[in-house]
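Only one structure is covered here, and it is reproduced in the block below.
Residue numbers (this note's numbering): 85 to 237.
Here is the structure:
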């Protein structure tokens, strides 16, 4: 398994961060040139409940994972692509901050498995492809944009 892990401190409560995060219609407003273009249910107006299929447009690709969890502390989806040779579990967590009083530690991560998951590692082939670095930068850009959006007065 290969793991990408990012965090950012946000000066807003976990409830506020989660509420703003879940307002996916606002993605173009606060993350206009970002990694995530849209996050929707595959069936319009379907609730974001575990088991529902999503239709997510990302920088350079469209995926249709299954929502695994939508709780007060976590939003998580998973899916398999490329004929089952590459799988991922994408996780967003909203944790009470131990650094920022009343704030949130926003955790944004992905766990990659499958035959081709090595392209998300630190090996020479993976470094040559550059997918890990570009994905990490995309996560970090999203985190910064969400922070600004949540901290706006």
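We put the CB at the ideal spot given by N, CA and C, even for glycine. Bear in mind that the values here come from a model prediction, so they are computed numbers and not experimental data.
From the DSSP secondary-structure annotation, give me the bridge partner or partners of residue i.
i: residue 159; result: 154, 176
i: residue 203; result: Residue 203 pairs with nothing; no bridge assigned.
i: residue 89; result: 193
For the alpha helix (DSSP H) that residue i lies in, which residues bound it at each end?
i: residue 223; result: 215–235
i: residue 101; result: 98–106
i: residue 113; result: 111–114
Within the continuous beta strand (DSSP E) that includes residue i, where are the two ends?
i: residue 137; result: Residue 137 -> no beta strand (DSSP E), and no H or E assigned at all.
i: residue 146; result: 145–147
i: residue 120; result: 120–125
State yes or no: is the C-beta of residue i within less than 9 Å of the C-beta of residue j?
i: residue 225; j: residue 159; result: no
i: residue 154; j: residue 132; result: yes
i: residue 180; j: residue 162; result: no
i: residue 176; j: residue 143; result: no
i: residue 125; j: residue 233; result: no
i: residue 135; j: residue 147; result: no
i: residue 191; j: residue 89; result: yes
i: residue 230; j: residue 139; result: no
Give me the Cβ distance between residue i and residue j, rounded to the nearest whole Å; I'm assuming they're in contact under 8 Å.
i: residue 188; j: residue 98; result: 5 Å
Does any residue of chain D have a CB that is nearer than 9 Å to the CB of residue i?
i: residue 230; result: No chain D appears in the structure shown, which is made up of a single protein chain.
Kindly confirm or deny that the stretch 202–222 and the stretch 92–100 touch, where touching means at least three C-beta pairs closer than 8 Å.
-> Judged by Cβ distances under 8 Å, the stretch 202–222 makes no contact with the stretch 92–100, as fewer than three pairs qualify.
Okay, do the stretch 105–125 and the stretch 200–217 touch, 3+ Cβ pairs below 8 Å being the bar?
-> No, the stretch 105–125 is not in contact with the stretch 200–217.
Is there contact here, the stretch 161–178 with the stretch 187–206, by at least three beta-carbon pairs under 8 Å?
-> With a cut-off of 8 Å on Cβ pairs, the stretch 161–178 is in contact with the stretch 187–206, counting three or more such pairs.
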